[in-house]
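Student: In this note's numbering, each residue's number is its place in the sequence shown (first place is 1) plus 13.
Yeah, the Cβ is synthetic: ideal placement off N, Cα and C, and Gly gets one too.
Note that the structure is predicted; figures quoted are calculated from it, not measured.
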Amino acid sequence: MDDPQVLLVMDGRVHQQLFGRAELERLRALAVLGDPAWSDRFDDATMARLADVEVLITSWGCPPITTQVLDGAPRLRAVLHAAGSVRSLVPPEAYARGITVVSGADANAIPVAEFALAAIILAGKRAVPLAAANRERPVSWGAVSDGELSNLGRTIGLVGFSRIGRRTLELIHRVLQPAGVLVADPYAQAADVAAAGGELVSLPSLLRSSEILSLHAPLGEATRGMIGAAELALLPDGATLINTARGGLVDHDALLRECAAGRIDAILDVTEPEPLPRGHGLLALPNVMVTPHLAGSLGSETRRLAHHALDALADLVAGAPVRGAVSVETVGVSA
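1. Can you tell me which residues form a DSSP beta bridge with Glu-212?
2. Do Val-283 and Asn-300 come within 8 Å of each other at the CB atom, strictly closer than that value?
3. At 3 residues or longer, and completely inside the segment 57-112: list those beta strand (DSSP E) runs for me, N to C.
4. Would you call Leu-307 buried or exposed, if buried means 16 or more other Cβ atoms sit within 10 Å of its Cβ?
5. Look up Ile-277 in the DSSP assignment and say whether it is helix, strand or coil.
6. Please report the straight-line C-alpha distance between Val-196 and Ser-222, rounded to a whole angstrom.
7. Report the residue ranges of all beta strand (DSSP E) runs contained in full by the segment 235-291; include only those spanning at least 3 residues, in chain order.
8. In this structure, how does DSSP classify Leu-326 when only helix, strand and coil are distinguished?
9. So, for Pro-87: in the same chain, excluding its five sequence neighbours on each side, which residues have a beta-carbon less than 8 Å away from its beta-carbon?
10. Tell whether a beta-carbon distance below 8 Å holds between Leu-318 and Leu-20.
11. Nearest CA to the CA of Val-330: which residue from Ala-136, Pro-217 and Arg-39?
12. Classify Glu-271 as buried or exposed, calling it buried when 16 or more other Cβ atoms lie within 10 Å of its own Cβ.
13. In angstroms, rounded to a whole number, what distance separates the CA positions of Ala-122 and Leu-228?
14. Taking Cys-361 as the reference, which of Asp-266, His-94, Gly-166 and Asp-57 has the closest Cα?
15. How big is the Cα-Cα spacing for Val-339 and Ala-129?
16. Can you tell me which of Val-206, Thr-79, Ala-273 and Met-23 puts its alpha carbon nearest to the alpha carbon of Arg-54?
Laid out in structure tokens, this is it:
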């Protein structure tokens with residue numbers, strides 16, 4: 014593909030954050046940018062431009078690419094998404110028409126896995142409830158030098174062997190010395206999990222053994238509410254639930270009951286609804302930390318997403334296998 018016509022479709026603030034001078038220079042070296050070069054909507058001007066567009070580079074704030082949009086882009090060869098999941102962005106018709114679809118999920122997995130590891134380390138020390146207790150009554154080191162406050166020899170459970178789950182597993186072994194890392198995922202192969210340093214088990218078995226539970230599954234019909242009252246009851250006393258995936262995976266009422274009883278702790282970067290309404294019980298508990306969806310790419314981390322899309326564009330131009338390409342089959346089971 015020689016000098017393809019490219020259009021960027023994303024929120025304006027996102028566009029400025031992802032594409033600095035260096036990224037725009039590389040983009041112009043690879044492709045032709047028409048007028049407009051960027052839009053945040055598929056309005057009349059954008060639709061007129063689409064008639065010549067061969068590659069769409071999208072990110073957060075891009076409206077869904079409907080069949081009407083596809084019909085208005087007869088030369089479209091690829092959609093390169095400089096963000097995570099493309100499940101709600103690109104319809105099955107795009108794949109059926111032979112359009113290459115690229116997700117930036119690999120790049121976005123890096124900060125999420127880093128955040129998950131940080132949460133796991135905090136959980137091992139029970140830092141969240143102890144920080145709350147320290148605000149009420151400051152305590153000395155000797156008062157908390159408990160043998161249970163440790164990151165050595167913990168059993169950690171990962172629900173979902175997704176890109177993020179796999180990367181989190183790698184980071185755990187790189188930084189910590191766990192007793193074991195258990196993985197539950199109906200789509201994973203035991204050999205692949207073992208090669209990464211984990212053990213593939215059933216979800217109930219994982220829950221019964223996990224001192225720290227980290228969620229990395231996609232949200233869909235089969236996974237909505239998958240961690241409910243019965244599942245939470247299987248966790249050992251003192252366990253911590255970490256969710257950097259999707260809030261809908263967890264029954265928040267059941268989690269509130271368990272955390273309010275003090276039996277388990279929670280570190281939640283995602284909730285449902287998001288954000289939680291003012292006065293929600295989880296926000297008031299000393300053993301629960303709720304962060305405002307910080308784990309994914311933010312600030313300078315977002316440049317990775319632009320670089321990922323530009324690498325895919327370079328592959329297209331060179332006629333090489335395209336990095337990050339997904340299929341209609343794999344996109345439905347990806348986080």
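Tutor: In brief:
1. Position 199 of the sequence shown holds residue 212. Leu-195.
2. Against the sequence shown, residue 300 aligns to sequence position 287. Against the sequence shown, residue 283 aligns to sequence position 270. In this structure, Val-283 does not lie closer than 8 Å to Asn-300 by Cβ.
3. 68-71 and 91-94
4. By 1-based counting over the sequence shown, the position of residue 307 is 294. Counting every other CB atom within 10 Å of its CB across the protein chains shown gives Leu-307 a total below 16, marking it as exposed.
5. Locating residue 277 in the sequence shown gives position 264, counting from the first residue. Ile-277: coil per DSSP, three-state reduction.
6. Residue numbering aside, residue 196 sits at position 183 when the sequence shown is read from its first letter. Residue numbering aside, residue 222 sits at position 209 when the sequence shown is read from its first letter. Each residue's Cα considered, the two are about 11 Å apart.
7. Under the rule that a run must span 3 or more residues, the beta strand (DSSP E) segments found entirely inside the segment 235-291 read 253-256 and 278-281.
8. Here residue 326 corresponds to residue number 313 of the sequence shown, with the count starting at 1. Leu-326 falls in the helix class under three-state DSSP.
9. Locating residue 87 in the sequence shown gives position 74, counting from the first residue. Hits under 8 Å: Ala-64.
10. In the sequence shown, residue 318 corresponds to position 305, counting from 1. In the sequence shown, residue 20 corresponds to position 7, counting from 1. No, these two residues do not count as a Cβ contact at 8 Å.
11. Along the sequence shown, one-based indexing puts residue 330 at 317. The candidate whose alpha carbon is nearest that of Val-330 is Arg-39.
12. On the sequence shown, position 258 is the one that residue 271 refers to. Looking at its Cβ environment, which holds 16 or more other Cβ atoms inside 10 Å, Glu-271 is buried.
13. Locating residue 122 in the sequence shown gives position 109, where the first residue counts as 1. Locating residue 228 in the sequence shown gives position 215, where the first residue counts as 1. Rounded to the nearest angstrom, the two C-alpha atoms are 13 Å apart.
14. Outside the displayed range of the chain (14 to 348) lies residue 361, so it cannot be described from this structure.
15. One-based indexing of the sequence shown puts residue 339 at position 326. One-based indexing of the sequence shown puts residue 129 at position 116. Distance between the alpha carbons of Val-339 and Ala-129: 24 Å.
16. Along the sequence shown, read from residue 1 onward, the residue named residue 54 stands at position 41. Arg-54 has its Cα closest to that of Met-23, out of Val-206, Thr-79, Ala-273 and Met-23.
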